[in-house]
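Protein chains in written order, with our numbering: chain A, 296 to 674; chain B, 296 to 674; chain C, 296 to 674; chain D, 296 to 674. Idealized CB from N, CA, C, for every residue including glycine. Predicted model only: the values in this text are computed from it and were never measured.
What follows is the structure, encoded as structure tokens:
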């Protein structure tokens, strides 16, 4: 079998993101799911595994069992996808990393910064790789935007405006039976950030990925608009970068009319660009003084960095799953190089533990800033 | 003559906004320009007046002269448009108000808050009306948005996101011969705000007009990205409203790819709406849980408040000049009622001195906040 | 008075297009309405004239009266706007042309080709000018598109796709009290074409204006979808041009969701462009092999032909009334040159009798083709 | 192994569509590629198979070999994907159908109608299924549109406007080394239709799928704009339906600025809808007299028929590969039911041989009509 054998922790029946990871893992033929500890409830774990056609011997009721058993098998998994709620990332990740099994983990890194640091230490000492699924960095035109910034198409960056707006938490769905909403609004499972952790970290990561810069200070105004909700469901954040660039990061889960409105705008002294996740195959670019251009994935001015991760000619839309699959495929390339004792090729890019730690610092800084009336805080 | 005779201060050759006011004044047949002190340079004033076909006897070299002479004429002007740079608003406005001549003045109100207060005192005591041309409030769909908020289509407002992005000051055009840029970047003529005064006041006014609310605190981060520029060319402002609503106001004149990107987004607990000046005949509205709708000016769900100020059936675009003309036509209606000793009909709406003062307080508050590292300031 | 004194035939209370012509005539200060035969019903004519503030002596109950009386006055009208239903164009136009009064006439030229030819003969012999208000040719970006085609930006044209889709006749509103619908669906007043005459002629004219070409053959499939409707409310037309270019022209008044969807797409061997009336300040242009560009009125690559007829900087939308006003202002320039015994400057462009005749031939050809089962007919 | 074992004919290195089929086949875990006759050149077949990690014993140099060998294996393929040029569809399809192996075949059905009929006869007698990859019918919002038409949201259909515009054949790339262009412009491999066969059949199929109707007459005007090109690269087609509905079908491969512009507009007496492949997660719907709505895949008013084939919540874009995968997954469901001796569930939908025959008749009718100067022809 050419595919890398993969296990999964979490992602049982009814979990949205588990199926996304499974599709992403197999879309390019990079991985093959062969084992799973798909739920903390044993019967559910078994039912889910059977539904996926896993070998009954490799359906586990517990991730530790799976780690142990798979590490012993000759044909054991070489990588594991961790798709549990935030507070259940660190435990399994550490367990597998210690056994030399590569980890592909959903974001945010963990629920707390302390866990994140603990995980980071283990990861440093492990010979296995750690990949964080900040999936939006897999979009070809996000890669393109990054290449354009890097080669100076925008000149010196002045403004970074990123936002991620949703509306699904406009009402108190967490008390009305939505499992997705329940754990995301529960500090013991989600951590200190609500919208911040769930989607703010994506916005933060996207801006950092494309610009290659991280703010040196942030000032955050957090709100919990829905009565009874403890964690933030809206955040307005101002950003300051070394060298004078400025930015804003807006996050909301209570903005009716927005489904997954992740948008990035960058302005430099030579040009500007704009990208939106909901129509990801288009990128606006305006060189200052020139015409506004609508670049397409695969059309004119397509960058090799974008072409490398595209599967179709321009005009045929790729979407969220393809971008997610790119993270998996990049991970597979890195794993293969790593196992062959080689350095990962320079063009292979995936979000790492450093990105995860950065996201955690972002959430913590926002919470601190908000507590101090939106004072400036270094993330 | 049915039209109200109008004079103009400023707006000579090469001034962009003068011609806009002239078209706006006559578009609906409400006013007729018959006199002018169109430039502080006498030859230019004369040449400009002749070009416009004014009676030579009513071309003045000085606004005081015009005020005096026209006040004495039986057929003298009943209103005057003031379209000079900011620091030249208060002087003429006071002069005409004192003589009972209605004033239609470009925004922002003045260059300094002190001038604004002085003007306000005179206006209070004058029997003449004062109208400020916050022209965006003349768009039918802005009126519609206001009506929708007022009647509760969005429920209780939670989020107010307004922005006005331009790109024409991306480079130092003020040192390269642009008259428009020169005075707008010069604190002695523009006042304490650069982009803030020029377009930030429009964004502030628009948000206030549509929501019927004003923030009780703002926190502003101002930048002057172009070397040598003294005033702000970019502003990121966070807003806090009484009752818990939150907002952001972004202003930039250095955002390549944006011409006149004035955009408003409002989100409440029952729905959201979005409007953009560059395509002003469309309004997005999403009742939470329902379908996203693209309302057109004159189409289904059109509000009487919008229909009242529209001139065309839906699908035939109205633009900036029509919105501007609506301010003039509303002013004419108010003037006629006023001169007839009647109250202005309740549906007649135009920006007033109170709006102008609010705008000045906004600029001052932003500058103060920025000096205190983006501390919260009451505007 | 600098403005050219203008009379109007038709356009009384409740007539939509009369007010459009009046705004268009005064928007740039080119004309001043001073006389009118605004309705064939005398009381209505009077009431309408008074409402507009006309001198009672110049409110006429009949266009012949007006022509006679105004021709005798020293300060008589120099031009007349004819805004009656189609079958009432030729009569007044001939009357005024014979008296040397310039005619600005709504489209289509007449109700029948016979009338059109009769009018043409009179116009040829008249010393007065004849202007047809194919108002869409007044949009700056339509002028730009024409200039781009002329200078070869698209290379050799291959495809011309034009359409004008509306929905207001989806139901039988002509039997439910809509005056606008009544005469437009009545062959004795509208002529042989329904949608064809009302909006098809606009589409035909726009394509001809921008491309500089007219088809040598057309094949038309007409429908009257609403029971009881005699004239077409939908037309599908295929076009063949000399030299091999091909095209389509689609017209509908029964396409729900379309308000005034006039759209033009042109493709040549070097590039393509697309324009839509509902967002007229944008023009898509793609040089083959290059990036797709969104040109704005007044932005980069703006052509002098567009800038000449624009009133505002890019980003501030101009609309339907401005385009209409441009036809009036061009007419005024032509009239002034004409009256001064000079040739009209080459850059001054307005739709003429030739355009009107072409439109009539188009309608007739479509009807003939449709009768012959969509056979090819030379227009 | 739960996946259905799949073979592939064609789709070797450099073939675009082969990889699309492979991704589509595995995206939902429905099939597993285990055998291939990937090229008619043996070395290329081998190299391609190895690159894909196929068992060397199941890499075949010839599709007949593969059919024979696989039919004999206990673990032999149960389905085969045929992704060769058009003239190479019928041969392999017949070969596999005769052996009871299900066929999933790229479109158009064949190069000639004669072949198509021959294939149809074999298929009728075969116990295996035949699936044609008209992949656009797999988009969730295309399914939604179909459901909306069926349940009467548009009322009685009057207008069907479909188009598929591309630009990649604007120049003579077929003589400049493009393999994709070479065979598509070669009548011996492509058949009688150029653009017609390649993308016109998609447009035809899409319109038929959504409306449930097929025209009873068509009139076609075909062009070959590029010198030396034998087959059509542009087609304008008028459509007439029984009952009076009318339509247009436009196809072009020489329209610069269009990548894969497949668009459908439908208008009935109660409403209209519009969909475009390049942004497939949005569907415009306007009930006549109501507001224009932008439906999203998964948002309000989402139909079960759409939800059934969607993998993600609204706002996360799905694209071309997901739609293609839906065809494969529907095929797998049908195959499973078939092999279990059960009828395929009614909600399972995939394009069949009947659709393929319809497409062939469409191409032939267009060519006949064009030869007779765009006379009406029954397809």
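For residue 657 of chain B, the uninterrupted alpha helix (DSSP H) run begins and ends at 648-666, by DSSP. At least one C-beta of chain D is nearer than 8 Å to the C-beta of residue 579 of chain C. For residue 453 of chain C, the neighbours in chain D by C-beta distance under 8 Å run, in chain order, 518, 520, 529 and 549.
Taking residue 638 of chain C as the centre and dropping the five residues before and after it, the same chain places the C-beta of 632 closer than 8 Å to its C-beta, in chain order.
Counting only runs that start and end inside the stretch 502-570 of chain D, the beta strand (DSSP E) elements of at least 3 residues fall at 512-518, 529-535, 541-547 and 556-563. Annotation: Cβ neighbours of residue 615 of chain C in chain B (cutoff 8 Å, chain order): 607, 611, 612 and 613. Under the 8 Å criterion on CB atoms, residue 569 of chain D is classed as non-interfacial with respect to chain A. The count of Cβ pairs closer than 8 Å, one atom from the stretch 365-372 of chain A and one from the stretch 470-485 of chain A, stays below three, leaving the stretches out of contact. DSSP places residue 483 of chain A in the uninterrupted alpha helix (DSSP H) bounded by 482-485. Interface with chain A (8 Å Cβ-Cβ cutoff): residue 343 of chain D is excluded. For residue 428 of chain B, the closest Cβ of chain A is not nearer than 8 Å. With a cutoff of 8 Å on beta-carbon distance, residue 461 of chain C and residue 494 of chain C are scored as near each other. A straight line joining the alpha-carbon of residue 626 of chain B with that of residue 390 of chain B spans about 19 Å.
Inter-residue distance for residue 620 of chain D and residue 557 of chain C is about 37 Å (C-alpha atoms, whole angstroms). Using a Cβ-Cβ cut-off of 8 Å, residue 596 of chain A counts as an interface residue toward chain C, since at least one Cβ of chain C sits closer than that to its own. Counting other Cβ atoms within 10 Å of its Cβ, residue 363 of chain B stays below 16 and is therefore classed as exposed. Using a Cβ distance threshold of 8 Å, residue 377 of chain C and residue 616 of chain C do not count as a contacting pair. Residue 409 of chain C is positioned such that its CB atom lies no closer than 8 Å to that of residue 485 of chain C.
When the Cα atoms are used, residue 300 of chain D and residue 349 of chain D turn out to be separated by approximately 12 Å.
Residue 588 of chain C has a beta carbon lying within less than 8 Å of a beta carbon in chain A.
Residue contact with chain D for residue 585 of chain B: present (Cβ-Cβ distance below 8 Å to some residue of chain D). For residue 545 of chain A, the nearest CB of chain B lies under 8 Å from its own CB, placing it at the interface with that chain. Per DSSP, the continuous alpha helix (DSSP H) segment holding residue 359 of chain D begins and ends at 358-367. Using a Cβ-Cβ cut-off of 8 Å, residue 322 of chain B counts as an interface residue toward chain C, since at least one Cβ of chain C sits closer than that to its own. When the beta-carbon positions are compared, residue 457 of chain A and residue 544 of chain A come within less than 8 Å of each other.
Interface annotation, residue 573 of chain C: in contact with chain B, CB-CB separation under 8 Å.
Residue 548 of chain B counts as buried, since at least 16 other C-beta atoms from the protein chains shown sit within 10 angstroms of its C-beta.
Per DSSP, reduced to three states, the secondary structure at residue 587 of chain A is strand. Listed in chain order, the alpha helix (DSSP H) runs fully inside the stretch 390-469 of chain B are 408-420 and 435-445, counting runs of at least 4 residues.
According to DSSP, residue pairing for residue 579 of chain D in a beta bridge involves D:569 and D:589. For residue 599 of chain C, the enclosing alpha helix (DSSP H) starts and ends at 599-602.
By the C-beta criterion, the stretch 330-341 of chain D is judged to be in contact with the stretch 300-312 of chain D, since at least 3 inter-stretch pairs fall below 8 Å. Contact annotation: residue 644 of chain A and residue 430 of chain A have beta-carbon atoms that are not nearer than 8 Å.
Residue-level contact by beta carbon fails for residue 499 of chain A and chain B, as no gap is shorter than 8 Å. For the pair residue 398 of chain B and residue 656 of chain B, the Cα-to-Cα distance works out to about 21 Å. For a Cβ distance threshold of 8 Å, residue set 514, 516, 531, 533 and 669 of chain A lies close to residue 533 of chain B, ordered along the chain.
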